[in-house]
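S.K.:
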Amino acid sequence: MKTILLVEDNRQDELLILRSLRKVNLANQVDVVRDGQQAMDYLFCEGEFADRSDGTMPTVVLLDINLPRVSGLEVLERLRADQRTCLLPIVILTSSDEDSDRLHSYKHGANSFVRKPLDFTEFAETVARLGVYWLLTNEPPEE
Numbered sequence: 026m027k028t029i030l031l032v033e034d035n036r037q038d039e040l041l042i043l044r045s046l047r048k049v050n051l052a053n054q055v056d057v058v059r060d061g062q063q064a065m066d067y068l069f070c071e072g073e074f075a076d077r078s079d080g081t082m083p084t085v086v087l088l089d090i091n092l093p094r095v096s097g098l099e100v101l102e103r104l105r106a107d108q109r110t111c112l113l114p115i116v117i118l119t120s121s122d123e124d125s126d127r128l129h130s131y132k133h134g135a136n137s138f139v140r141k142p143l144d145f146t147e148f149a150e151t152v153a154r155l156g157v158y159w160l161l162t163n164e165p166p167e168e
């Protein structure tokens, strides 16, 4: 089963994202981590995720920029620098409207940069479209 890794420290956004994915019948597993360090530990099976036995990569990572401990942009850079995660699809899903964040994201290998809409309905629709695209439409590279 295809898995999504959601890296999101805002619980309200997390709940809306999960609800939006369920609404379009994406029953995929969504693993949630709350900061950049947890994201890297999850993906590299280290720290609190050292016992993540199968070590399989998620189908896509939805990565916020403004995270505690390690920023989303730093996570992106580290993931792209590692052979194990250099091809992993990463979508920056953020409330940032800074052009520098968008440029930095693309320069360091983000597959997509999506601003979280302020409107509740529009936010839900955006997340639903992201889920359908990355889980059902996109064809990832062969490992």
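In case it helps, my numbering puts the sequence shown at residues 26 to 168. We treat Cβ as the ideally placed atom computed from N, Cα and C, and that holds for glycine.
Quick one: complete beta strand (DSSP E) runs, 3+ long, within the region 67-126?
M.R.: 85-88 and 115-119, all fully within the region 67-126.
S.K.: Using DSSP with H/G/I as helix, E/B as strand and the rest coil, what is Arg59?
M.R.: Arg59 falls in the coil class under three-state DSSP.
S.K.: Could you tell me the boundaries of the alpha helix (DSSP H) in which Val157 lies?
M.R.: Taken as a continuous stretch (DSSP letters only), the alpha helix (DSSP H) holding Val157 covers Phe145 to Val157.
S.K.: By Cβ distance below 6 Å, which residues in the same chain neighbour Leu87 in space, the five residues on each side in sequence not counted?
M.R.: These residues qualify, in order along the chain: Leu31, Val116 and Leu118.
S.K.: As a quick exercise: from Ser45, Lys27 and Leu128, pick the residue whose alpha carbon is nearest that of Phe145.
M.R.: Comparing Cα-Cα distances from Phe145 to each of Ser45, Lys27 and Leu128, the minimum goes to Ser45.
S.K.: Would you say Ile29 and Pro83 are within 7 Å of each other, going by their C-beta atoms?
M.R.: In this structure, Pro83 lies closer than 7 Å to Ile29 by Cβ.
S.K.: Once you ignore the five residues that flank Leu98 on each side, which residues in its own chain have a CB closer than 8 Å to its CB?
M.R.: Taken in chain order, the residues that qualify are Ile90, Asp126, His129, Ser130 and His133.
S.K.: How would you write the range of the alpha helix (DSSP H) that Leu43 sits in, first residue to last?
M.R.: Unbroken alpha helix (DSSP H) run through Leu43: Arg36 to Lys48.
S.K.: In terms of DSSP beta bridges, what is Glu31 paired with?
M.R.: For the record, residue 31 in the displayed sequence is Leu; it is not Glu. Per DSSP, Val57 and Leu87.
S.K.: Classify Gly61: buried if its beta carbon has 16 or more other beta carbons within 10 angstroms, exposed otherwise.
M.R.: Answer is buried; the Cβ neighbour count reaches 16.
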